[in-house]
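Below is one structure, written out as structure tokens; the observations come after it.
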Amino acid sequence: MIQLGAAYYPELWDEKEIEQDIERCRAYGLRVLRIGEFAWGRMEPTEGHFDLDWLARIVDRLHAAGLSVILCTPTCTPPRRLLNKYPEMRQMSPAGVREAVSSRCHTCKTSPLMRQKNREVTEHLARRFGSHPAVVGWQIDNELYIYREGCYCPLCRAAFRSYLKAQYGTVAELNRRWGMARWSLDYASFDEVEPPLPDEWRHPSLRTVWRRFQEAQICDYAREQADILHRYTKAPVGTDMMPMNTLSYYDMNRAMDVVMFNHYDTAARLPLTTFYYDFARATLDRPFWVTETQVGWNGSEFAENGYRPAGNCRINSWLPIAHGAEKNLYWLFRTPQNGHELAHGALISTAGRPYRVSEEVQRTASELDSCTDFLEHSRVRSQIAIHYSSVAQNNIYSAPMLKDFHYTQVLNECFYAPLRHCNVDIIDTPHALDGYRVVFSPFLTTIDEDLQARMEQWVRAGGTWIVGPMSGYMTADTSKFSDSPYPFPERLAGVYVKYQRPIANDVWHAAWENGDQLGISLCYDALEPTDSRPLAFYRGDEFDGYAVITERKVGDGRVILLGSVPDAAGIRQLAGLPPIAAASENIDLIERSGDRAGILATEVENRTGTLVLPTRYRDLLTGDIKSGDITLAPYEVLVLERM
Amino acid sequence: MIQLGAAYYPELWDEKEIEQDIERCRAYGLRVLRIGEFAWGRMEPTEGHFDLDWLARIVDRLHAAGLSVILCTPTCTPPRRLLNKYPEMRQMSPAGVREAVSSRCHTCKTSPLMRQKNREVTEHLARRFGSHPAVVGWQIDNELYIYREGCYCPLCRAAFRSYLKAQYGTVAELNRRWGMARWSLDYASFDEVEPPLPDEWRHPSLRTVWRRFQEAQICDYAREQADILHRYTKAPVGTDMMPMNTLSYYDMNRAMDVVMFNHYDTAARLPLTTFYYDFARATLDRPFWVTETQVGWNGSEFAENGYRPAGNCRINSWLPIAHGAEKNLYWLFRTPQNGHELAHGALISTAGRPYRVSEEVQRTASELDSCTDFLEHSRVRSQIAIHYSSVAQNNIYSAPMLKDFHYTQVLNECFYAPLRHCNVDIIDTPHALDGYRVVFSPFLTTIDEDLQARMEQWVRAGGTWIVGPMSGYMTADTSKFSDSPYPFPERLAGVYVKYQRPIANDVWHAAWENGDQLGISLCYDALEPTDSRPLAFYRGDEFDGYAVITERKVGDGRVILLGSVPDAAGIRQLAGLPPIAAASENIDLIERSGDRAGILATEVENRTGTLVLPTRYRDLLTGDIKSGDITLAPYEVLVLERM
Amino acid sequence: MIQLGAAYYPELWDEKEIEQDIERCRAYGLRVLRIGEFAWGRMEPTEGHFDLDWLARIVDRLHAAGLSVILCTPTCTPPRRLLNKYPEMRQMSPAGVREAVSSRCHTCKTSPLMRQKNREVTEHLARRFGSHPAVVGWQIDNELYIYREGCYCPLCRAAFRSYLKAQYGTVAELNRRWGMARWSLDYASFDEVEPPLPDEWRHPSLRTVWRRFQEAQICDYAREQADILHRYTKAPVGTDMMPMNTLSYYDMNRAMDVVMFNHYDTAARLPLTTFYYDFARATLDRPFWVTETQVGWNGSEFAENGYRPAGNCRINSWLPIAHGAEKNLYWLFRTPQNGHELAHGALISTAGRPYRVSEEVQRTASELDSCTDFLEHSRVRSQIAIHYSSVAQNNIYSAPMLKDFHYTQVLNECFYAPLRHCNVDIIDTPHALDGYRVVFSPFLTTIDEDLQARMEQWVRAGGTWIVGPMSGYMTADTSKFSDSPYPFPERLAGVYVKYQRPIANDVWHAAWENGDQLGISLCYDALEPTDSRPLAFYRGDEFDGYAVITERKVGDGRVILLGSVPDAAGIRQLAGLPPIAAASENIDLIERSGDRAGILATEVENRTGTLVLPTRYRDLLTGDIKSGDITLAPYEVLVLERM
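Residue numbers (our numbering), protein chains in the order written: chain V, 3 to 645; chain S, 3 to 645; chain F, 3 to 645.
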């Protein structure tokens, strides 16, 4: 069901206000409310005694008003009373101090007591509401990821050591794979291993593996709740995640039914948000939900996140739907009267009044109604994929190798953005490769043996693998190789890496074989083709004449090795697939296919754009027939069904 | 008595140097020295045994030399020995660590022992010097305000809980008024309330009330000393305060006889310093003292605070006098040989030599002599007041609502500065409204019931109240309202606030009714007049056609509601009162009236200025008769008595 | 022996890799490897049992391959096991926390146990390798200086108090000399003295003396090892020091035979690096060793330190040799596979491959071969010296007096750089003055009685002393004088310092006696010649007409007092000595004399330069005869022997 919705906190408002809020909700076209997220205090007013009657009244009331409910487990905000009584439920800082009971998301994910308390409240909720007709989905906890540097409590330290033992077997093996001999830092036993302190000189391997351990705890913590919910409900279960793939979306969503995604991007970043939509859609290969996005502005103690021009909220609501979401929920419905996030924008102000921007939500809701059938009977399918790896994210966090290097940003801006006129899947390495014709793997630090085998097989079967720069150059433990800068790509691509240089911006230049200029950036490897042919060369300066891009035929496919980051035109040329349609740069295009088929074209930069339609389409928002040269107004969206 | 003076630390110098310093003091025209401030160590050389003989010799010697004395209680620097013996005298950090004994002002304001030791030393001083003819004033402690985040010792925590109990009665009421249900943070009892930690996600109400509590302790701490001093002396008692109204000037000075004010503004900020003079003068409605300002430059470990051009020191000395001060004291007379603040400017260098700028002090002293009678027989009276609220300051500290919002700076630069050619009082909300024709109340976050009644009564009696933007929108506990963005102003101004937008700079425009352009900034409310008339409108963009300023007649007066911050011309137009005289922007004007009357005109931007005198005046510095068009040289001051 | 070399860590590589690395080493022209630095863990695998056989095999193997060895004591990286067993070996933070066992250089320099363990491993090494023919030098520890703020453990605190007692005798004397009365901070006994905490308001004297104490501990710690080594070896002993003279190079090197110097300057800073070469050469008046510099780039977690253009590495290798080094070693030979500093540049990559820049090392090695005899039979001798004082460094660290004042940077850029075409020694105050014709002493905060006597004697014997600005104005304890801003220079220069002003940049101007303009900066004293003649005057503004530079004949010599920092032309004019040759600004010139004689001319800014040779020279790199006008290509070096 394509729906707009919002987060609502009925525990903060009296009955009269709730009644009015329900009316406002309907008036503005919202169909689903996400509730319960932080209400553990009301659900378990004294330890072990649960009161869900108040919540049942709300759910029934919403149901009666024709509204759906996404119900949340409130496990990110245990009641103060529990946290004070059982300090072990709270995360411990690197300095050994328990988190103050002052906000949220401060729990230890290892603590058996925390886990037990979670299971209790989750089971009570699931039993009571698992088959309620209003409940269309379940959300576990809230924005799970590593807070600060993780939990340093004794339970986590002990679990970390067990984790290491399971991974490495012997401490000698760990010493070897982490290179601990270097500064006489060899561990004598696993008991000597301590988590990394934030202010110490950071050891990349220790740092990487500590994060991986913490993330494993988080996934297991969420899976426990999912297992309980699945016993009581048929509605999809998920957990809302922030736009980062540090904690692997794939690991986390293995236990889930739907990918839930939160983001708070600025107006200026609007064109870049689709990167995550294409990732969220691909993760479980099914429609995802945007569980949180803003109506007007962010604000904890003050309003921020820049100015959102007229029309931007509407497009921010349309884009995820275009790219495969089936729900878009705002945070939040109504700003509270006091406490944290007092300055946050919402659909309805504290004083119960809508904002001007709320009218854009209203309009979007009504537009969606006219397209629901089309959207629900068409899917997004891509021939191009870009690897976006949680393991690489983690490696780069521990050892970025390049200065000011932001993995996600580079993937988004340098590799994904140039392909805006094609359907693209953003996938992590576990994703199956079937159906893709082209796969980009830039800065994919680690290519394990399984992936090596799968990539080679897929290439031999006809795929074009565009790999590098800086791919396959370290283990998942953030350790480099002594025989080649990146053994697998170097071998498969048939090259010898002659020189490397990680600092050279504004100095190096390159050109294609035919002499056309090629922009390059970020890092620079000078390649000597051994069993491959050069596609582009360095021009001038130290690497003059060495190849920067090479191509090798492997089976029915090709391996293209990148020695640097090509410019946008270079990315498009290497991808080699035709666009959905000719369009100006500011038009986001998505092709939908299935029972019904067509194109969604969205202007994302608040200026006029152009589009050339290959055949005749019906614009589902206006009913007009369109073909040929089209002009889009700033922030216009076209839902075009092929006729 | 109009006097120049300085801080002096005789405990640092031997007798020979002191004799020379007295001569230097007289030579440079200083008439009063402020002493004793940090000398507790010399006053109580062993615990419980006081030695004030050395100080008496100094005071007698100064008296004999014709110099007055402001005597300070040394309570901000207890002797190391006491602080080591009684750790409870020292402030405790949020992490539970007592302040190191390493500088000053590090005491706990709650500790009964600290209070007792304070009383002892104060009483000894008061008894010995209370009626000494040289002593013209008493200063309590030094620059009292919340250091760092306040004191987190067990005594303060306990007192905080008692304070909350007294304020809220029950913990349920506190939970309700602070909205603690939101993240399951309800307190089960007052014992669970902890002060806010600096690195935690800040709860606005907790943060606000914690500050209010700490400030109440500080006021009580100072009041105790004032009570003792008042038993022994007839000289005025005060405490020197920094330029911020976080700790309320009104609360603090209720127990005092004279407002003492310290400031260290740069040359560039000179035109803005008068804001605080107009505030200090209004607080007790009597002449105030500048107890600290710099001669040349600031400097703890290095000289700083920018370059002070020739003439600036003189004007920095004249401006407070013009605006109603009767003393201006420099910090400090002579730089010490070692220790903290080794690089600070002074009248006399460590080596006993004056600076070039010291000659400006000398000149000012001699000029003041020729105007003393005029200044002492005239007062500053204002028809315009601007509300500058300690409660708002505190609310905004906890929840600024607008990004990069500095309350004092906005009041000073956007509301006060445009009125430079009128006498203006800067008042806090307890101040009586009688005598004012126009009152501005911008960003006055909280308008309690008492103030509501007083404002309405004053308006009905003929006052013009220019209120907003963002006034009356929260309680003193930093909690917003559920029925209106700002119930009282909205009602009294006869408007309905249609939309709000806290982010829009460089996007929004406005115009007066007649079409003239009006600059607006910072925040944007779209107003619908219900029982009022619009004065100005938004032009273009989302709020096009909505009112931004409205006016309503109420009784014999008017309420003007601001939906945004008007530009300088707008402020002057709304104030509607004629200037003291026509003058260029760089001329600060003050009108003095009483037994003698006239105008002080001061050039404050180091460039040529102009002034048109409405009648004939005598310039008391030169004896010249002036009228009509006048040109002022850079940094010129004219003391013009009406003829 | 003029040699290139590198740091190598054989403990990280297996035998096969080591064999290959030795071949690579020889192929790239390296002659010496620095080993053992961090290998304590391998040297003492269990407490008290030493295994040096593996190391002996390496040393023998290197010897067999014709390579020399600099052997390091590994005392900056005790094995984890020891550090865990004996926490006292680890430095304690100001908050009382022991350093984590996570990196290196974290030891307490006071701990008797740490000292004992150091002596043991040093003695084992010395006994085994003291007379090994491959070992051409010994390095003690690594980059010894005050880490963070120093060690705050109980042992250090107790030793600090003993140190103070030895320095001041009585606590009353300490109170007096530190001015502790000021804020009632008098100590009752030495037991009350605590080291300064980083976040407290810093007391200059406490801060200075605490550093001086810590540095005394470090020197003593290194001296202990030197004493042991000297019992077993005839090879020179040193300790590699970073480019800062906080910990006095003179104090430290008193126990050493050779100054070892590490630096990691960027390409842009290349012209400034020679300052430290001229300092390192002068310290022991003998050739020094560059023990660490980079080949390509720095990198802990990411590559940094900017782009190094082609040719820069070669010049960075040549410059120290030109200025008197006899070894230049890179850090490092080969980047490790994992752990800290994973992204660091090297001669050979982790994968065992050279970089393009490595070829510059290869070229330099071969060039040096053709000049070795010339370089070994000529020395650098200077007629000009600039005082660069560790005491001043420390004073300025505690009380910079001027904002953003960087002592070393000002000396380097404002005083040293203008004299690039002369031989210059950078000396600390203990250095003998014989042989110098001109000595500059800018910002020499402290001039103790011994130096006063030596300077006056040297001036009377004919020297030209250019002193100031801001010299001799405080004691070594960071305490100023009460009778003169700087008693000794004021007296010896025959002036009266009328005014001082530490802030005035872009405001003040000056001119020479003949009216020519003179640029001045940073600080401004207005001088009245009493028994001297003015050389330059302030022009305009407040100090108009006062002298800014004065000159007085004293005996056969002269004292020139600076009231400000003169511009580059001014520095050259005051120095008054002819350049080695006329050359453009971008040419670094060094004159070598002795058995063989000539000039080294190096282009240091990567652009074309010019040089006028006074006579005929043979270029030892090309064999060409050169004379008259010469053009140097970017980054060209000429080794010119006089014919």
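Yeah, the Cβ is synthetic: ideal placement off N, Cα and C, and Gly gets one too.
The structure displayed is predicted, hence computed values, not measured ones.
Query: Could you name the residues of the same chain whose beta carbon sits closer than 7 Å to that of V/R106, not counting the 5 residues immediately before and after it, in chain order?; Result: F40, C78, T79
Query: Drop a sphere of 10 angstroms on the beta-carbon of F/Q296, count the other beta-carbons inside from all chains shown, and report buried for 16 or more, exposed for fewer.; Result: buried
Query: If you measure beta-carbon to beta-carbon, which residues of the stretch 323-357 of chain S are closer than 7 Å to chain F?; Result: P338, Q339, N340, G341, H342, L344, A345, S351, T352, A353, G354, Y357
Query: Looking only at DSSP bridge pairs, what is S/E125 linked to?; Result: Note: S/E125 sits in no beta bridge, so no partner.
Query: Using a Cβ-Cβ cut-off of 6 Å (strictly less than) and excluding sequence neighbours within five positions of V/F442, which residues of its own chain qualify?; Result: I388, F417, I468
Query: Given 8 Å as the limit, is there contact between the stretch 354-370 of chain S and the stretch 244-264 of chain S, that is, 3 or more CB pairs closer than that?; Result: no
Query: So, with DSSP's three-state summary, where would you put S/R36?; Result: strand
Query: From the beta carbon of S/Q502, is the nearest beta carbon of chain V less than 8 Å away?; Result: yes
Query: Taking buried to mean at least 16 other C-beta atoms within 10 Å of its own C-beta, is S/G49 buried or exposed?; Result: Residue 49 of chain S is actually Glu in this sequence, not Gly. Classification for S/E49: exposed.
Query: Can you find at least 3 beta carbon pairs, one from the stretch 618-635 of chain S and one from the stretch 301-308 of chain S, that sit closer than 8 Å?; Result: no
Query: What does F/T480 reach in chain S if we use C-beta pairs closer than 7 Å?; Result: N340
Query: Can you check whether the CB of F/N330 is closer than 8 Å to the CB of F/P322?; Result: yes
Query: From the beta carbon of V/A635, is the nearest beta carbon of chain S less than 8 Å away?; Result: no
Query: Can you pull the chain F residues whose beta carbon is under 7 Å from the beta carbon of S/W460, in chain order?; Result: The contacting residues do not exist; S/W460 stays about 46 Å from chain F at best.
Query: Pairing CB atoms from the stretch 203-218 of chain F with CB atoms from the stretch 396-404 of chain F, are three or more of them under 8 Å?; Result: yes
Query: For F/H205, which residues in chain S fall below 9 Å Cβ to Cβ?; Result: S104, S105, N340, G341, H342
Query: What number of angstroms, rounded off, separates the C-alpha of S/V34 from the C-alpha of S/L69?; Result: 5 Å
Query: Considering only residues of the same chain and omitting the five flanking positions on each side of V/T285, which have a CB-CB separation below 7 Å?; Result: Y251, Y252, N255, V261
Query: At which residues does the beta strand (DSSP E) containing S/N294 begin and terminate?; Result: First, the amino acid is wrong: residue 294 of chain S is Glu here, not Asn. Counting along the chain, the beta strand (DSSP E) containing S/E294 begins and ends at 290-295.
Query: Does the beta carbon of F/Y189 sit closer than 8 Å to a beta carbon anywhere in chain C?; Result: This model lacks chain C altogether, as its protein chains are V, S and F.
Query: Taking DSSP as the reference, what is the three-state secondary structure of F/I24?; Result: helix
Query: So V/S380 is in the beta strand (DSSP E); what residue range does that whole segment cover?; Result: 380-382
Query: F/A218 and F/Y165 - do their beta-carbons sit closer together than 8 Å?; Result: yes
Query: Can you confirm whether the stretch 454-468 of chain V touches the stretch 614-621 of chain V when touching is taken to mean that 3 or more C-beta pairs between the two stretches lie within less than 8 Å?; Result: no
Query: With a cut-off of 8 Å, does the C-beta of F/G38 fall near any C-beta of chain V?; Result: no
Query: Quick check: V/G354 and S/D485, are their CB atoms within less than 8 Å of each other?; Result: yes
Query: Mind checking the stretch 166-183 of chain S against chain V and listing, in chain order, the residues whose C-beta falls within less than 9 Å of any C-beta there?; Result: R179, W180, G181, M182, A183
Query: Of the residues that make up the stretch 301-325 of chain F, which ones have a beta carbon closer than 9 Å to any beta carbon in chain V?; Result: G301, S302, E303, F304, A305, E306, N307, G308, Y309, R310, P311, A312
Query: Quick check: the Cα distance between S/E145 and S/N86, rounded to an integer number of angstroms?; Result: 23 Å
Query: Could you check which residue in S/A183, S/D193, S/V138 has the C-alpha nearest to that of S/A161?; Result: S/D193
Query: Is the separation between the beta-carbon of S/S481 and that of S/Y526 shorter than 8 Å?; Result: no
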